[in-house]
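Going line by line, the protein sequences match chains A and B. 260 is the number of the first residue of the first sequence in our numbering; add one for each residue after it. 260 is the number of the first residue of the second sequence in our numbering; add one for each residue after it.
Number of protein chains: 2
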Amino acid sequence: MSHSPKHPAGHPAPTSADVARLAGVSRATVSYVLNNTAAVRISDRTRRRVREAAEELGYVPHAAARSLRAGHTRMVLLPTAHVPVGPLYSRFFDELQWALRRLDYTVVQYGSLGMDGDEAARAWAELRPVAVVAFGEIALTPQGVEVLKRSGARAVITLGAHQVEGAHALVLDQAEVGRQAVAHLVERGRRRIGVIMPEDRRLDFFSVPRLEGARQAAAGTGAEIVPVPLRHEEEPAAELAGRWRDLGLDAVFAYNDEYAMLLMRALQDAGIDVPGETAVVGADDLLLGRLLRPRLSTVQIDMVIGRHLAELVDRAVRDPGGAPERHDLMAARLIHRESS
Amino acid sequence: MSHSPKHPAGHPAPTSADVARLAGVSRATVSYVLNNTAAVRISDRTRRRVREAAEELGYVPHAAARSLRAGHTRMVLLPTAHVPVGPLYSRFFDELQWALRRLDYTVVQYGSLGMDGDEAARAWAELRPVAVVAFGEIALTPQGVEVLKRSGARAVITLGAHQVEGAHALVLDQAEVGRQAVAHLVERGRRRIGVIMPEDRRLDFFSVPRLEGARQAAAGTGAEIVPVPLRHEEEPAAELAGRWRDLGLDAVFAYNDEYAMLLMRALQDAGIDVPGETAVVGADDLLLGRLLRPRLSTVQIDMVIGRHLAELVDRAVRDPGGAPERHDLMAARLIHRESS
DNA sequence: TTGAAAGCGCTACCAT
DNA sequence: ATGGTAGCGCTTTCAA
Chain A
260 MSHSPKHPAG
270 HPAPTSADVA
280 RLAGVSRATV
290 SYVLNNTAAV
300 RISDRTRRRV
310 REAAEELGYV
320 PHAAARSLRA
330 GHTRMVLLPT
340 AHVPVGPLYS
350 RFFDELQWAL
360 RRLDYTVVQY
370 GSLGMDGDEA
380 ARAWAELRPV
390 AVVAFGEIAL
400 TPQGVEVLKR
410 SGARAVITLG
420 AHQVEGAHAL
430 VLDQAEVGRQ
440 AVAHLVERGR
450 RRIGVIMPED
460 RRLDFFSVPR
470 LEGARQAAAG
480 TGAEIVPVPL
490 RHEEEPAAEL
500 AGRWRDLGLD
510 AVFAYNDEYA
520 MLLMRALQDA
530 GIDVPGETAV
540 VGADDLLLGR
550 LLRPRLSTVQ
560 IDMVIGRHLA
570 ELVDRAVRDP
580 GGAPERHDLM
590 AARLIHRESS
Chain B
260 MSHSPKHPAG
270 HPAPTSADVA
280 RLAGVSRATV
290 SYVLNNTAAV
300 RISDRTRRRV
310 REAAEELGYV
320 PHAAARSLRA
330 GHTRMVLLPT
340 AHVPVGPLYS
350 RFFDELQWAL
360 RRLDYTVVQY
370 GSLGMDGDEA
380 ARAWAELRPV
390 AVVAFGEIAL
400 TPQGVEVLKR
410 SGARAVITLG
420 AHQVEGAHAL
430 VLDQAEVGRQ
440 AVAHLVERGR
450 RRIGVIMPED
460 RRLDFFSVPR
470 LEGARQAAAG
480 TGAEIVPVPL
490 RHEEEPAAEL
500 AGRWRDLGLD
510 AVFAYNDEYA
520 MLLMRALQDA
530 GIDVPGETAV
540 VGADDLLLGR
550 LLRPRLSTVQ
560 IDMVIGRHLA
570 ELVDRAVRDP
580 GGAPERHDLM
590 AARLIHRESS
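Okay, structure coming up:
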């Protein structure tokens, strides 16, 4: 269990003092040169000497020491429990990171798998980020927001179904997806509508609100909503298709396009006509939906643009006093193709 | 441009001195209590007072100050240029993060989009991570490794096609995927084999080695390899299918299952028989391949297990002097179905 | 059982 | 144009 000898890696990392010594100047001068401090004039000869010394030693400034001294960081923390899957979210994350870096922030994703809300907030606060953009998988409470703000976070932004007190909110109303899908099916005369619920618990964050939206759209129309659990595998899908007629469903909202593809194949293999006997609607408008036969009706989701979010972060950081903004940032609209 | 008043967020974050003052003890005592320091005995009454004071103030320790004092961190840095897409990599990242957290590391993903290798290494070194696991999108040079080590990183591990001097390597030999696919096609008598090259530059990291592997497998067999660029959209696929017969290909390795699906649909719509006229092989063994008709032949990839990598990280951190390990960690094998 | 104080690496003020 | 130095928040000897 010997954790380490005194010299962790042979030589300790060079400090600005080492650079100063080698260049024959003071640590202050080193700092001025390497940070191009405008308020002070340093001779070109000195500049060069400092630069060369830093280069020779492989000097890299110590971010922790710097931010300790400065009293703040430029770190934007993106806590993630799971890497969100799917092209929509990949693109969104890429855009957001890119835009924030252009605004001179340091973007850090912090894996917070299996932490509860307030525990997570505390862990994040230890890093003293200037802003936190919390994807809704981790439930942030008003207390969590308060902890972050007291620790110096100038902006806390949640990205999820609900607004949290004290935080800016980008409301991604997943329920709207279910609403659109079911409204469409009802309009086309369907009355007993299944809603596929993935067994993968990591998708609850999306699937539960989508089901709720489905129920809302059905309410008062005489249509009935039937949740149908399904694992993303061939066998369970075949098994489900085998007892499909017992369920008596004339339509199904399949959670998303991938589940829709899985289900549609199983239904077709079981001799059930789509859309004749059962209509199928997916969501996310993936390319694969257009490649299926019949082509898949789907709910298209317009995700928030990463650049917009980056601008909101920057605005909030510059004006921490501002009232929490709330933006409803997910438009969903149905695309009618052949499967419904 | 006024960047901020003196008091960034109203009140500055509470420090251990504030806790000490409120509890009527010294900062040392606060530290002992909150860290459960074993080497020192504190009365229960004092413990409680300190805990209550910390709670009341919403005190959260300052990670930067702590690690500055300690001289090291427990941070494992995972630089990512793009979020890697696909279920394989999502699962891998989840596993890795989980396993590292169990080993008491803090896992931080650092967005390094658009940085060149040495610039990136410097940026990472500023954070003084104890270990860096570099996914191969960013080319890490021997100099970059050296910078990281001098800054105190006890383990540098690359995950990619090549080994880098001084770093441990998990070799993910993407070329093997192309080799397997083409060897299979050659064996089945195909002679003019297209290799789909996604136009999305973010996939070069995967697609270029896969093409190279395809070439290796064809060498000396009399078979010919023809790179075929393709965008992941319907129209370009249809356009490609339209001039398919001019290409004179009797087989195609479609980069992965998603591109294979896209291409197969387009070929079928153009009246080209699969596999009769052209055989198609995908990769990644996604569920969707089994849902296609004909069922898609594919190259299954056994990704490294996150837990194994976490253990390698821990081993390397505990014994920084150890010789760089090199593990070849991607097995690929062909699964023959109906499309080839 | 508790407190005083040094020092981690850095920057910004004030001298020179 | 450059140097001296205080102090950011924390932990850890050493003394009491």
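Cβ atoms here follow ideal geometry from the backbone N, Cα and C, with glycine treated the same way.
- For the 9 Å CB-CB criterion, A/Leu555 and A/Ile455 do not form a contact.
- For the set B/Ala380, B/Leu386 and B/Ile531, the Cα lying nearest the Cα of B/Phe394 is the one of B/Ala380.
- With the criterion set as a beta carbon lying under 7 Å from some beta carbon of chain A, the members of the segment 362-379 of chain B are Val366, Val367, Gln368, Tyr369, Gly370 and Leu372, in sequence order.
- Taking a beta-carbon distance threshold of 9 Å, A/His567 does not count as an interface residue toward chain B.
- B/Ser290 places its beta carbon less than 9 Å from that of B/Thr296.
- Under the 8 Å Cβ criterion, the segment 412-422 of chain A counts as touching the segment 383-401 of chain A, having at least three qualifying pairs.
- Within the segment 473-525 of chain B, the complete alpha helix (DSSP H) runs of at least 4 residues fall at 493-501 and 503-506.
- Exposure of B/Asn294 is indicated by the presence of fewer than 16 other C-beta atoms within 10 angstroms of its C-beta.
- Counting only runs of at least 3 residues, the segment 378-465 of chain A fully encloses the following beta strand (DSSP E) elements, listed from N- to C-terminal order: 390-394, 414-419, 427-430 and 451-457.
- Below the 7 Å Cβ cutoff, chain A contributes Met520, Leu521 and Arg524 as neighbours of B/Leu550, in chain order.
- Within the segment 391-419 of chain A, those residues whose Cβ lies closer than 8 Å to any Cβ of chain B are, in chain order, Glu405, Val406, Lys408, Arg409, Ser410, Gly411, Ala412 and Arg413.
- Relative to A/Leu281, the option among A/Arg310, A/Glu492, A/Ala298 and A/Pro271 whose CA is nearest is A/Arg310.
- Within chain A, the residues placing a beta-carbon under 8 Å from that of B/Gln356 are Gly370 and Leu372, ordered along the chain.
- Listed in chain order, the positions of the segment 438-454 of chain B with a beta carbon within less than 9 Å of a beta carbon of chain A would be empty, since no residue qualifies.
- For B/Arg469, the number of other beta carbons within 10 angstroms of its own is at least 16, and it is reported as buried.
- DSSP places B/Arg300 in the coil class of the three-state scheme, outside both helix and strand.
- Judged by DSSP in its simplified three-state form, A/Pro534 adopts coil rather than helix or strand.
- By the CB criterion at 9 Å, A/Ala542 and A/Phe512 fall inside the cutoff.
- DSSP, read as helix, strand or coil, puts B/Leu281 in helix.
- Put simply, the backbone Cα of A/Gln475 is about 59 Å away from that of B/Asp578.
- Taking 9 Å as the cut-off, the beta carbon of A/Pro338 is found no closer than this to the beta carbon of A/Gly373.
- Under the three-state reduction of DSSP output, A/Pro338 falls in the strand class.
- When Cβ-Cβ separations below 9 Å define contact, A/Asp353 makes contact with chain B.
- Annotation for B/Gly370: the continuous beta strand (DSSP E) segment containing it runs Thr365 to Gly370.
- A/His567 carries a helical assignment under DSSP once its states are collapsed to helix, strand and coil.
- Secondary structure at A/Leu546: helix, using DSSP grouped into helix, strand and coil.
- Contact between the segment 496-514 of chain A and the segment 446-462 of chain A is present, with at least three C-beta pairs closer than 8 Å.
- According to the DSSP assignment, B/Val558 belongs to the beta strand (DSSP E) that extends over Ser556 to Asp561.
- Here A/Leu355 carries a helix assignment [DSSP, helix/strand/coil].
- Chain B has a Cβ within less than 9 Å of the Cβ of A/Pro273.
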